[in-house]
Amino acid sequence: MARRALMTSRHPVRWFGVAFILLWSLIPLYWVVNVSFQTDAEVGSKPAHYLPPHPTLANYKALLSGAGDIPDQVRQGTFNIVVECTVSTVITVVVATLAAYAFARMTFRGRDLLFYGVLATMALPAYATLIPLYRLMSTAGLVNTYTGIILVYVSGFLPLATWIMHNYMVSLPVALEEAASVDGASRMQVLTRIVLPLAMPGVVSTAIITFLFAWGQFLFPLVLSSDISTQPLTVVITALQGRHEVPYALLSAAGVLAITVPAAIAVALNRYVVNGLLAGSVK
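By full-length UniProt numbering, the letter at position 65 of the sequence shown is numbered 65, and the numbering carries on one by one without gaps.
Structure follows, in structure tokens:
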């Protein structure tokens, strides 16, 4: 009885904590969406409008099809972030799949040492490598290029992607691969025709996680790209806030557009990511 009473008494505290975290997270998002449906005059009025007095899509229309410096830069930043995230995701998934299969199925000298060495890099603070990476990219002439940003993304996300795919590879039955080898299939045929179809949940979850991580990057592209031609949307929006006159309504609409893609992916594909990670973690 005492234990049940203690558990019951903890429920209000637990719900209060959940409510506090939700409010802390959702109120800024709500305010950005609220401002994006207002005009600059309504945004600057006092007291503030907690609901749009006259909701309008003018800010979104201006960003998507209007003319001007800010819409042009936002559209360029959107194009940049899509290209950089998509290409880095494809490269990371392909390389991680090949590496994970080698670590899971092939036997070679130093395999375990190399595998755990790759995983150990995840324990290093990413920002500790920022200055060395910039010097390397500057020496190679890759600053302000898609190639430089994509290479940095791939190098940063590859250890985690390899670990996820490795969990899937080791959980698959070896008997199917052995049967295919007996029938004359090569190592690459076994990988493409047997292993990959079975490990497709892992491939999908790895691709989604990599894409979301790449979309949320800010500091690395900020340092490695000082030109609008390669800056992603996350950097472009922040750079526009440095003006003397800040169009809050327009920038709020740009912020909503920036979070729409990852939010939609997270909501629509959340169960696939969770199921994939759980399936890959059980041998």
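The beta carbon of each residue, even a glycine, is placed where N, CA and C say it ideally should be.
Run of the alpha helix (DSSP H) containing residue i, from where it starts to where it stops
i: Pro-201; result: 200-215
i: Asp-183; result: Unbroken run through Asp-183: none, as it is neither H nor E.
i: Thr-56; result: Premise fails: Thr-56 is in no alpha helix (DSSP H) and is neither H nor E.
i: Thr-139; result: 130-139
i: Asn-167; result: 146-171
i: Pro-247; result: Here Pro-247 belongs to no alpha helix (DSSP H), and DSSP marks it neither H nor E.
i: Val-195; result: From DSSP, Val-195 is part of no alpha helix (DSSP H); its letter is neither H nor E.
i: Ala-67; result: Note, Ala-67: premise wrong, no alpha helix (DSSP H); not H, not E.
i: Phe-218; result: From DSSP, Phe-218 is part of no alpha helix (DSSP H); its letter is neither H nor E.
i: Ile-237; result: 233-240
Classification of residue i by the beta-carbon crowding that lies within 10 angstroms, buried from 16 upward
i: residue 284; result: Any answer about residue 284 is impossible in this case: the structure gives the chain only from 1 up to 283.
i: Val-267; result: exposed
i: Asn-80; result: buried
i: Leu-151; result: buried
i: Lys-283; result: Caution is warranted here: a pLDDT of 47 is assigned to Lys-283, below 50, making its placement in the model unreliable, and the coordinate value is therefore given only provisionally. Counting Cβ neighbours within 10 Å, Lys-283 comes out exposed, since fewer than 16 surround it.
i: Trp-215; result: buried
i: Met-137; result: buried
i: Gly-77; result: buried
i: Ala-128; result: exposed
i: residue 346; result: No information on residue 346 is available, as it lies outside the stretch 1 to 283 that the chain covers here.
i: Asp-172; result: Residue identity check: residue 172 is Leu in the sequence provided, not Asp. Leu-172 should be labelled buried.
i: Leu-133; result: buried
i: Ile-21; result: exposed
i: Val-182; result: exposed
i: Ser-36; result: buried
i: Arg-271; result: exposed
i: Ala-199; result: buried
i: Ala-99; result: buried
Beta-carbon proximity list for residue i, same chain, < 6 Å, skipping 5 on both sides
i: Ile-91; result: Val-154
i: Pro-197; result: none
i: Leu-6; result: Reliability fails at Leu-6, whose pLDDT of 47 lies under 50, so the model's placement of it is uncertain and the value that follows must be treated cautiously. Cβ within range, chain order: n/a, list empty.
i: Tyr-60; result: Ala-253
Under 8 Å between C-beta atoms of residue i and residue j
i: Tyr-101; j: Leu-191; result: yes
i: Tyr-168; j: Asp-40; result: no
i: Arg-109; j: Phe-103; result: no
i: Leu-251; j: Leu-269; result: no
i: Val-236; j: Gln-73; result: yes
i: Leu-233; j: Ala-258; result: yes
i: Pro-55; j: Glu-42; result: no
i: Leu-63; j: Ala-254; result: yes
i: Val-95; j: Val-256; result: no
i: Thr-97; j: Met-165; result: yes
i: Glu-177; j: Ile-194; result: yes
i: Asp-69; j: Asn-144; result: no
i: Gly-156; j: Ala-126; result: yes
i: Leu-130; j: Phe-220; result: yes
i: Leu-212; j: Ile-265; result: yes
Neighbourhood of residue i by C-beta, 7 Å cutoff - its chain only, sequence neighbours within 5 removed
i: Thr-121; result: Pro-159
i: Val-118; result: Pro-159, Thr-162
i: Val-93; result: Ala-161, Val-203, Thr-206, Ala-207, Thr-210
i: Tyr-146; result: Val-83, Glu-84, Thr-230
i: Gly-141; result: none
i: Gly-280; result: Caution applies to Gly-280, whose pLDDT of 47 falls short of 50 and renders its modelled position unreliable; the value that the coordinates give is listed next. Excluding positions up to five away in sequence, the list reads Ile-164, Asn-167, Tyr-168, Ser-171, Gly-202.
Cβ shell of residue i (< 8 Å), same chain only, five flanking positions each side left out
i: Ala-58; result: Thr-39
My parser needs the beta strand (DSSP E) runs of 3 or more residues fully inside the stretch 98-126; what are they? none
Taking only runs of the alpha helix (DSSP H) that begin and end inside the stretch 5-51, which ones reach a length of at least 4 residues, in chain order? 40-44
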